[in-house]
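Numbering (this note's numbering), first residue to last: 40 to 769.
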């Protein structure tokens, strides 16, 4: 009697929107989540079993046999596979590519996560050293404190800004050594003594924690806490509660906030295994961290967007810090929201979810108002810490020279002479955003983008901040050959130069992507600032979140008016979030802070409401406007994005979809329209916006669109993608 073969469904990392049936080798059962090698056309690909005991709907004689089943330690755990299947369906993205995103590179290549890795650990001699003897060697002492909490890989020590020289000193003294660990011998995490330092909970924090502890439902929590109110302490207490139950915590932070300062706060509080998932990890280290988390060997996993796919053996809490931050939404390929997937993981894995922000997104506030989230508030700073005050400097009536009004320069001088620090914020890198001919009005544009070239003084180059193209500075006009080409506008480099000229007796520190390229440079600058000496800090949004500057009493915000005339309806929301995030850097200790905003919109009702009554009222007004205009979060959107080397090609492709798509009264198809920046990196981008009052209608419309698009001959001439719940129109 012949035994019926066992068939399985396998997802492979291709743009095809389905799994494929394969036959298991005789006598071998299918294992859901297992990695397998399969024949695919004339290639051999790595895939993953998504379904066992599948029932093929094709001629079974055509079904090929799986070539190899890889070892179990690289399997995708069931909760993550379930998450991927849901995400593939919701974001309308091929399941193979979704699963590929969820896997570390090493597993994606079919390799084992159990390759030995070297870690620095204290020797027996090192453990006997009295740490107080290192008072005059702060770098060595700091490394000792890190190693006392456990061994660390090279990448983690690098992220913590430990120098190779400091490591060499400890090794030469036989206090530390590199040790190759066998991952399979690791033990489950344990929690040592929790160190609170001098932290005392405020009454508001205590009440909130009691409220969280007394909850009977698992509705996601949204924590709206003003800057400096102690949101992080709430995170830490929830993590502690999970760890004490032997459960794990996954903490997501924006890329911008993953600094040694953030990591050290967790390490100083908890004597347990902490894994940091960051871009500096080698493939081997990332795979091992993934495996250790899956085996329950790591208590806390701290990471950026992609860390949402890290498996947990015993999930205890999911935390998303700065939940409003745009970096949680992937903006190409598989366009998922890590924040929303974290919420879903909490539901799937029956663990609490906490979203935190001083400026929550309107979508999250709406979810709080409708009961999808439970809204919690921290409205006060600790006793003795005064909230910052805001003032608007109306540039319609004040002369602005090199980016500064006279009033602002005077206030900066006053703060410095009092021995205090000043933060000057301008969200624009470079020296000047425009190079213009004074004779004919010609402006230097990027040839590959709809964008002006930015002049960078330190390299004397013109740079496109969108595609990265670079050219030498222009000395004559490319239209009329005039020598009267001048730099117009201000960026961080020009602000730095101006402040150095105005205040030569005080150090000026610039913090942007250009000045922090050298490893450790950001930490060096922050260390200088935290000495407390009078100084000026100039920067972009790199400084807007997660940093604590106790001696900064004045924050000056330059040139934010573009948010008021952007074509993107979310621009004002993002502007308000940015202003309060930056303003929150002022007066974080016992000194009152002042925030000065230079603007030509000083009488704008939304701006005055924001600075006078706070974010909650500002957000409520924006939500009212969104409801009236039938915009998200009161309706739902998706965008079909198409790009091609000719604008007409992308537009015609989307026009065909719009014409062929079934028409429903409740579903709107808007477009095709150009993206706000139509040309980028040499390609023209068009959009077809789908809007509907219910998510189900959006998904049905998108399914129809995909069916049409995949059968259009014109599809071969464009790159097209689906963006569900888009966060911008760029």
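For each residue, glycine too, the CB sits at the ideal point set by N, CA and C.
* Rounded straight-line distance, which links the Cα of residue 284 to that of residue 336 -> Here the question's residue 336 lines up with position 297 in the chain shown. Here the question's residue 284 lines up with position 245 in the chain shown. Between the alpha carbons of residue 336 and residue 284 lies a distance of about 14 Å.
* Within the same chain, show all residues whose beta-carbon is closer than 6 Å to that of residue 257, passing over the 5 residues directly before and after it, in chain order. => Position 218 of the chain shown, counted from the start, is the residue given in the question as residue 257. Within its own chain, no residue has a Cβ closer than 6 Å to the Cβ of residue 257 once the five positions on either side in sequence are excluded.
* To do: Excluding the 5 residues preceding and the 5 following residue 451 in the sequence, name in chain order all residues of the same chain whose CB lies nearer than 6 Å to its CB.
  => Here residue 451 corresponds to residue number 412 of the chain shown, with the count starting at 1. Correct list, in chain order: 461.
* Would you call the segment 424–444 and the segment 634–652 in contact, with 3 or more CB pairs under 8 Å? -> The segment 424–444 vs the segment 634–652: in contact.
* To do: Compute the distance between the beta-carbons of residue 344 and residue 381, then report whether it is under 7 Å.
  => Looking up residue 344 in the chain shown gives position 305. Looking up residue 381 in the chain shown gives position 342. Their beta carbons are not under 7 Å apart, which means residue 344 does not touch residue 381 by this criterion.
* If you drop the 5 nearest sequence neighbours on each side, which residues of the same chain put their C-beta closer than 6 Å to that of residue 767? -> Position 728 of the chain shown, counted from the start, is the residue given in the question as residue 767. Contacts found: 607.
* **Cutoff 7 Å; reference residue 205; Cβ partners in own chain excluding five residues on either side** => Looking up residue 205 in the chain shown gives position 166. Result list for residue 205: 178, 179 and 182, in chain order.
* To do: Determine contact between the segment 430–447 and the segment 481–489, defined as no fewer than three beta-carbon pairs at a distance below 8 Å.
  => Using a Cβ-Cβ distance cut-off of 8 Å, the segment 430–447 and the segment 481–489 are not in contact, since fewer than three pairs of beta carbons, one from each stretch, lie closer than that value.
* For residue 48, count neighbouring C-beta atoms within 10 Å of its own C-beta (all shown protein chains included) and say buried if the count is 16 or more, exposed if not. => On the chain shown, position 9 is the one that residue 48 refers to. By the neighbour-count definition (other C-beta atoms within 10 Å, threshold 16), residue 48 is a buried residue.
* When DSSP labels each residue in this structure, what does residue 86 get in the three-state scheme? -> For the purposes of this step, residue 86 is taken as residue 47 along the chain shown, with counting starting at 1. The three-state reading of DSSP puts residue 86 in strand, counting E and B together.
* Do you know how far the Cα of residue 688 is from the Cα of residue 332? -> As a position in the chain shown, residue 332 is number 293, starting the count at 1. As a position in the chain shown, residue 688 is number 649, starting the count at 1. In this model, residue 332 and residue 688 are separated by some 47 Å (Cα to Cα).
* **7 Å Cβ shell around residue 194 - same chain, five flanking residues per side excluded** => Within the chain shown, residue 194 is the residue found at index 155, counting from 1. Around residue 194: 319, 320, 321 and 324.
* So what does DSSP say about residue 367, is it helix, strand or coil? -> To locate residue 367, count along the chain shown from 1; it is residue 328. In the three-state reduction of the DSSP assignment, residue 367 falls in the helix class.
* Asked: If you run the structure through DSSP and keep just helix, strand and coil, what is residue 496?
  -> Position 457 of the chain shown, counted from the first residue, corresponds to residue 496. Per DSSP, reduced to three states, the secondary structure at residue 496 is coil, with no helix or strand assignment.
* Asked: When DSSP labels each residue in this structure, what does residue 718 get in the three-state scheme?
  -> Residue mapping note: residue 718 aligns to position 679 of the chain shown, counting from 1. Three-state DSSP puts residue 718 in a strand.
* In chain order, which continuous runs of the alpha helix (DSSP H) of length 4 or greater are located wholly inside the segment 647–711? -> As summarised for the segment 647–711, the continuous alpha helix (DSSP H) elements at least 4 residues long and confined to that stretch are 654–668 and 686–699, given in chain order.
* To do: Count the other C-beta atoms from every protein chain shown that fall within 10 angstroms of the C-beta of residue 759, then say buried if there are 16 or more, exposed otherwise.
  => On the chain shown, residue 759 is found 720 positions in, with the first residue counted as 1. Buried: at least 16 other Cβ atoms inside 10 Å.
* To do: Would you identify the three-state DSSP class for residue 129, choosing helix, strand or coil?
  => Here residue 129 is taken as the residue at index 90 of the chain shown, counted from 1. Correct three-state label for residue 129: helix.
* Asked: Going by the CB atoms, is the gap between residue 114 and residue 50 shorter than 7 Å?
  -> As a working mapping, residue 50 is identified with position 11 in the chain shown. As a working mapping, residue 114 is identified with position 75 in the chain shown. Cβ distance not < 7 Å, so residue 50 and residue 114 don't count as in contact.
* To do: Can you tell me which of the three DSSP states residue 40 falls into?
  => Along the chain shown, read from residue 1 onward, the residue named residue 40 stands at position 1. Here the model assigns residue 40 a pLDDT of 39, short of 50, so the residue's position is not dependable and the matter cannot be decided.
* Identify, in the order they occur along the chain, each residue of the same chain with its Cβ nearer than 6 Å to the Cβ of residue 59, setting aside the five sequence neighbours on each side. => Reading the chain shown from its first residue, position 20 is the one you call residue 59. Answer for residue 59: 49, listed in chain order.
* Please classify residue 774: is it buried, with 16 or more other beta-carbons within 10 angstroms of its beta-carbon, or exposed? => Since the first residue shown for the chain is 40 and the last is 769, residue 774 is missing from the structure and cannot be characterised.
* Report the residue from 630, 645, 626 and 63 whose alpha carbon sits nearest the alpha carbon of residue 616. => As a working mapping, residue 616 is identified with position 577 in the chain shown. Cα-wise, what sits closest to residue 616 is 645.
* Asked: Rounded to whole angstroms, how far is the Cβ of residue 340 from the Cβ of residue 289, which I believe are closer than 8 Å?
  -> Numbered from its first residue, the chain shown carries residue 340 at position 301. Numbered from its first residue, the chain shown carries residue 289 at position 250. Approximately 5 Å separates the beta-carbon atoms of residue 340 and residue 289; this is inside 8 Å, confirming the contact.
* Same chain, Cβ closer than 7 Å to residue 494, five either side skipped, listed in chain order -> The residue given as residue 494 occupies position 455 in the chain shown. Hits under 7 Å: 469, 470, 471, 474, 501, 512 and 526.
* With C-beta atoms as the reference, is residue 545 less than 7 Å away from residue 574? -> Looking up residue 545 in the chain shown gives position 506. Looking up residue 574 in the chain shown gives position 535. Yes, the Cβ-Cβ distance between residue 545 and residue 574 is below 7 Å.
* Alpha carbon to alpha carbon, how far is residue 662 from residue 371? -> As a working note, residue 662 is residue 623 in the chain shown. As a working note, residue 371 is residue 332 in the chain shown. Taking the straight line joining both Cα atoms gives about 28 Å.
* Residues bridged to residue 77 [DSSP beta-bridge criterion] -> Within the chain shown, the letter at position 38 stands for residue 77. Beta-bridge analysis with DSSP links residue 77 to 84.
* Under the three-state DSSP convention, the category residue 595 falls into -> Taking the first residue of the chain shown as position 1, residue 595 is located at position 556. DSSP places residue 595 in strand when its eight states are reduced to three.
* Asked: Just curious, the alpha helix (DSSP H) that residue 139 is in, first and last residue?
  -> Here residue 139 refers to the residue found at position 100 when the chain shown is read from its first residue. Element bounds for residue 139: 134–141.
* Asked: What are the complete beta strand (DSSP E) segments, minimum 3 residues, inside the segment 281–335?
  -> Complete beta strand (DSSP E) runs here, min 3: 287–291 and 313–316.
* Compute the distance between the beta-carbons of residue 263 and residue 416, then report whether it is under 7 Å. => Mapped onto the chain shown, residue 263 falls at position 224. Mapped onto the chain shown, residue 416 falls at position 377. A Cβ-Cβ contact shorter than 7 Å links residue 263 with residue 416.
* Does the distance from the C-beta atom of residue 725 to that of residue 693 stay below 7 Å? -> Within the chain shown, numbered from 1, the residue matching residue 725 stands at position 686. Within the chain shown, numbered from 1, the residue matching residue 693 stands at position 654. Contact check for residue 725 against residue 693 passes: the beta carbons are separated by less than 7 Å.
* Asked: In the structure shown, what three-state DSSP assignment does residue 637 receive?
  -> Indexing the chain shown from 1 puts residue 637 at position 598. When secondary structure is reduced to three states using DSSP, residue 637 falls in the strand class.
* To do: With a 10 Å radius around its C-beta and 16 neighbouring C-beta atoms as the bar for buried, classify residue 476 as buried or exposed.
  => Counting from one through the chain shown, the residue named residue 476 turns up at place 437. So residue 476 counts as buried.
* Asked: Taking Cβ to Cβ, would you say residue 578 is nearer than 7 Å to residue 553?
  -> The count along the chain shown starts at 1 and reaches residue 578 at position 539. The count along the chain shown starts at 1 and reaches residue 553 at position 514. Contact: no.
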